[in-house]
Each structure stands twice: as C-alpha cells, then as structure tokens.
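**Q**
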RNA sequence: GUGAUUGUAGCUCAGUUGGUUAGAGCGCCGGAUUGUGGUUCCGGAGGUCGGGGGUUCAAAUCCCCUCAGUCACCCCA
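Numbering (the working numbering), first residue to last: 242 to 691.
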C-alpha cells in the first residue's frame, strides 16, 4: 500500500510544530492573563450532545463514530432495506467527534455545575473535526482556541473579548479588522418586517452583502419569498452604517433598542483603551452559528485574503439545552490554522524557531564514551545538546550539523584529548578555538543566553 | 451536496499534430577533500507516466471508468 492520511488532515514536522507552538503560546498566555483557566474535554461526545446545535448543515458535517460490536444486527430490517443512512444513523452511531469547543463547554458547565463558581471563565485549545470538503484555509481537523465566560450577563466580557482579540493579534504581528454587531438587531429587523421565523435565511443573505452586493442580497431574498415591501426595509437597513441610523430605523422597538445600547455600552467600556486594531460596528455581520443571541464578533485579516480568523459572541441559553439552569455566556474563538496560514504568508513565522542546539562530533570512535560524558555535562547546565553517534566521517558529521542548524559544534579528537581540550566551532561565523570543558560551557551559556 | 481543475523521479515541473531508450532543476548518494558544513567541480542512483480498461502498427499524449489531490460554491475557523 502507499501511505497516506485522510483528506483534510495534515502531518506537522518539527519546523511547523515550532511555529504552531509559537502561536498557541501567545494565545494561551493572554487567555491566562485575562483570567481564563484551562479545561479539556474528550474528542468524542455523545451524538445527542452534538446533534441539532449547529443547524442542519452542521449536523451533516459531524463526524460520527461507528458503534462497536455487531451493531448492524440491532438495526431494524426495514431501515436496512430502506438504505436511508440518515434514519439509520441513530442505530449505527451514538458518538461523534466534537465540532467546536463551545457546545462541549456548555455540556461541561452543566455537568459540573456543582464544582464551578460563577462567573466561570475557561479556555480550551483542542482540535475539532468537520466533515467539510477541504480547501484553502479549511481542514477536516483543526485547532480552535476558545475562551468563554459563563454565568454573567455583564457586557464587560464583550469588551474584554474585544481587547483579547486586539492584544493577541497585535502580539502575533497581524493587522486585523474586528467587527461587531448584535443578533438582537437582526432579529428585530425580521420582526419589523413580520418575518420573525425566517431569521436564519434572512441573516444568511445579509451576511453575504460584502461578497455579492445589494442586488445579490435582493435576489436571494426574493427567492426566499419575501415581498417587495419587506425587501425594501432590509435594503434600507443595509445602507445604514452607524448606530444612530439604526436607532432611527427601529424607533421604539424594544429589542432593537436593547441591542443598540448594548453595543454602545461595549464601546463605552472600550473608550480610551489603547488598541492596535479597529473595532467597527457592522450591522450586516451575521455569523452562522445559530446559538448566538447578543453581541457577535468577527475578526478578519486586513493583509491576507482569508475567511475569518476569529469570531465569537454572546449566547444566552446554551446550558438550558442540556437541562441545566439558564446561564448566559460570552466567548470567542481563535482559528489557529488560519492564523498560521496568514502569518506564514506574511513571513511572520520565520523566526519562530527554537534556538539551535549544540552538537558534539567525534574525530575518533574511541572517544564516544568521553563524548557522551561531555554531552551530559552540557545537559546538566541546561544546554540543549546532542552527540553524533560514532563512526561517520567528519564531512558527514559536519553536514549533519549544518542540516540540523547547530549553532555550535564541539569536536573531540585525539589532539584535543591529549591537551584536555575541546574544539569549539561557531557555525554561524566559522570560527574555531580550543578550550577546556568548563570554559566551553561558559562560552555557550554566554553566547546563547541560556 | 454542486462545479471546475490537476495527477510524469523524493520535490517543483517540461514532454510538440500519438512515433525509438520519458527529460530538466532542486534534493539524495559517492568522489575531488582519510580533521571541518553551508560555495564549486565530477560521477551515480532513482520513474508501474495515479489505477483499470479501450482505440491504434505504436499511447505520458486520444476515449471511457475509477481513485487521489487542489480550488471555488454552499457553509465555516
């Protein structure tokens, strides 16, 4: 067989992993700085936990795990004859791979309600899986970095999340656009045109505005069966780009007014706070996940064409889905893979590599044990080091040293052995000198700052 | 789920209207250089042309099927 990996998945070599770790470390550091604590949940959840939370599309994209044992024997024969995978699923699979980190977190919060204190702030950096067809910036297995707070309605958390986005992307060296909107405005809009139950197709259409333009949106809405009057109101809404305009449009409609003042309060919290990136109010921002009820956030790179690299929002009622008390929550998610792709394209990850190690080379096989001894002395001093196994020509050893990007090489040979010295070569300058072991340690510690 | 596109050496790709033994660059291995890499020079290894079937005197090239990758749409990070 020829080796391969499933589509939409990737191997990561050492170089990539150092770069990824650089990103994850910065995100994690800021999560903790902002008072979030880590949790982890299993890769698999019960399917009933996952199903119905992400909309029909989401359900389609769930990876389902086949039951163990002779599961086919338990499927009613009518269903087998029907060959309807959808209907048979409940008999074939009771577990699925997690699709995001938010739903598992809500499940966690309900299950561990007695152990957590509200408001509960947690972060989670783990892979999620979607049976999507892969393309640029889209994989079937990818990491999300989520920070959520549950059990508080306070808008300070919305503001906090905006700052978190801003600070993390600033430290990563990325320029981004952070956009904010409020689901209450969208739902009020649908209510205004007497189409409250059509909120998801309508918001889906609105969300596409910057891609397909006003006419495109109009066409979709026509297809959805809205009448001219309704479409006209939506078109009006889409032309507004400031809060006072929105306020005027909705006059004394309560839900919209609440949404507007929420956004205003968030801006008030942020007033005067130094930010590297711009936060803009965008009434056309909708976001796909259906569980958001309040503020919604989305982050896009201004430098590289790529889907959103971060997003989030407030959800009022996720815990109730699992039979818990109603706990409001607010959370954001960093799309690590896309951030990686963006940074790679901008060349921002080139220096994200670990300090090159020290490598010991042997001139003579007889000196291997001596070399091993030197190696351990270096390691005891905290110097990242390695010993090339005996038996290779110096040229080959040198080439290896070059390949692994060794900063220093130590050469042990009969001549040096006679004088109780070690040859030290700085691979970046090519300079070489002899010194005793303790002096060698000092040189390396000094130069590498280890 | 829908649509496009590409599969030729480890990698990136040439390969003319079908025509002898399928090429290049990079990489790899060896040597020039038995105590010194990244430069240079010389030599070498490495290919079921994604797979299967068909047309033909002859197929990497044309046709059909199939598999895989990539990209776009839907949706999303």
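In this text, a Cβ means the ideal position worked out from N, Cα and C, and glycines have one as well. Keep in mind that this is a model prediction, so the values were computed, not measured.
How about the segment 566-582 and the segment 375-384: do they share at least three Cβ pairs that are nearer than 8 Å?
**A** Taking a cut-off of 8 Å for Cβ pairs, the segment 566-582 and the segment 375-384 touch, as three or more such pairs fall below it.
**Q** If we ignore side chains and look at the alpha-carbon of each, how far apart do residue 403 and residue 506 end up?
**A** 13 Å
**Q** Quick one: give me the first and last residue of the alpha helix (DSSP H) that residue 345 is part of.
**A** 343-352
**Q** Residue 330 to residue 288, Cα distance in whole Å?
**A** Each residue's CA atom was taken as its position, placing residue 330 and residue 288 some 10 Å apart.
**Q** With 16 other CB atoms within 10 Å as the buried threshold, where does residue 365 fall?
**A** buried
**Q** Beta-carbon separation of residue 239 and residue 597 under 8 Å?
**A** The displayed coordinates of the chain run from 242 to 691. Any statement about residue 239 would go beyond what the structure contains.
**Q** With a 10 Å radius around its C-beta and 16 neighbouring C-beta atoms as the bar for buried, classify residue 561 as buried or exposed.
**A** Burial call: exposed.
**Q** Suppose only complete runs of 4+ residues qualify. What are the alpha helix (DSSP H) ranges in the segment 441-505, listed by chain order?
**A** 450-464, 469-480, 484-491
**Q** What is the residue span of the alpha helix (DSSP H) that residue 687 lies within?
**A** 678-689
**Q** Identify which residue in 563, 688, 526 has its Cα closest to the Cα of residue 451.
**A** 526
**Q** Give the straight-line distance between the Cα atoms of residue 673 and residue 665, rounded to the nearest whole angstrom.
**A** Distance between the alpha carbons of residue 673 and residue 665: 5 Å.
**Q** How do the segment 500-520 and the segment 400-420 stand: do at least 3 beta-carbon pairs fall below 8 Å, yes or no?
**A** yes
**Q** Start and end of the alpha helix (DSSP H) containing residue 409?
**A** Unbroken alpha helix (DSSP H) run through residue 409: 397-413.
**Q** Measure how close the beta-carbons of residue 415 and residue 334 come, nearest whole angstrom, since I'm counting them as under 8 Å.
**A** Rounded, the Cβ-Cβ distance is 39 Å, inconsistent with contact.
**Q** Count the other C-beta atoms from every protein chain shown that fall within 10 angstroms of the C-beta of residue 635, then say buried if there are 16 or more, exposed otherwise.
**A** It counts as exposed.
**Q** Out of 589, 279, 442, which one is the CA nearest neighbour of residue 349?
**A** 279
**Q** Who pairs with residue 554 in a beta bridge, going by DSSP?
**A** 537, 572.
**Q** What residue range is occupied by the uninterrupted alpha helix (DSSP H) comprising residue 639?
**A** 635-644
**Q** According to DSSP, is residue 663 part of a helix, a strand, or is it coil?
**A** strand
**Q** Starting from the C-beta of residue 265, find all residues in its chain whose C-beta is less than 8 Å away, skip the five residues before and the five after it, and write them out in chain order.
**A** Same-chain partners within the cutoff: 366, 384, 386, 577.
**Q** State buried or exposed for residue 682, treating a residue as buried only when at least 16 other CB atoms are found within 10 Å of its CB.
**A** buried
**Q** Could you name the residues of the same chain whose beta carbon sits closer than 8 Å to that of residue 320, not counting the 5 residues immediately before and after it, in chain order?
**A** Same-chain partners within the cutoff: 328, 329, 332.
**Q** Quick one: what's residue 674 bridged to in DSSP?
**A** Listed as beta-bridge partners of residue 674 by DSSP are 665.
**Q** Below 8 Å, how does it come out for the segment 606-617 and the segment 650-664: are there three or more Cβ pairs, yes or no?
**A** yes
**Q** When DSSP builds the beta bridges, which residues end up paired with residue 388?
**A** 364, 573
**Q** Here's the rule I'm using: 16 or more other beta-carbon atoms within 10 Å means buried, otherwise exposed. How should residue 307 be labelled?
**A** exposed
**Q** Can you tell me the Cβ-Cβ gap for residue 433 and residue 474, rounded? I've got them flagged as a contact below 8 Å.
**A** 6 Å
**Q** State the start and end residues of the unbroken alpha helix (DSSP H) segment that holds residue 330.
**A** 326-333
**Q** Please tell me whether residue 645 and residue 624 are closer than 8 Å, where the distance is taken between their beta carbons.
**A** No; because the gap between Cβ atoms is not below 8 Å, this pair is not in contact.
**Q** When you compare only the Cα positions, how much space is there between residue 694 and residue 343?
**A** Only positions 242 to 691 of the chain appear in this structure, which leaves residue 694 out of reach.
**Q** Pick out whichever of 570, 580, 621 has its Cα sitting closest to the Cα of residue 397.
**A** Checking every option, the nearest Cα to that of residue 397 belongs to 570.
**Q** May I ask you to verify whether the segment 498-514 touches the segment 543-551, counting CB pairs closer than 8 Å and requiring at least 3?
**A** no
**Q** Could you check the C-alpha separation between residue 553 and residue 504 for me, to the nearest Å?
**A** Using only the alpha carbons, I get a separation of about 15 Å.
**Q** Less than 8 Å separating the beta-carbons of residue 369 and residue 425?
**A** No. Outside cutoff.
**Q** Would DSSP call residue 583 helix, strand or coil?
**A** Residue state for residue 583 is assigned as helix, using DSSP reduced to three classes.
**Q** Grab me the residues of residue 566's own chain with a C-beta within less than 7 Å of its C-beta, minus the 5 sequence neighbours each way, in chain order.
**A** So the list reads 560, once near-sequence residues are dropped.
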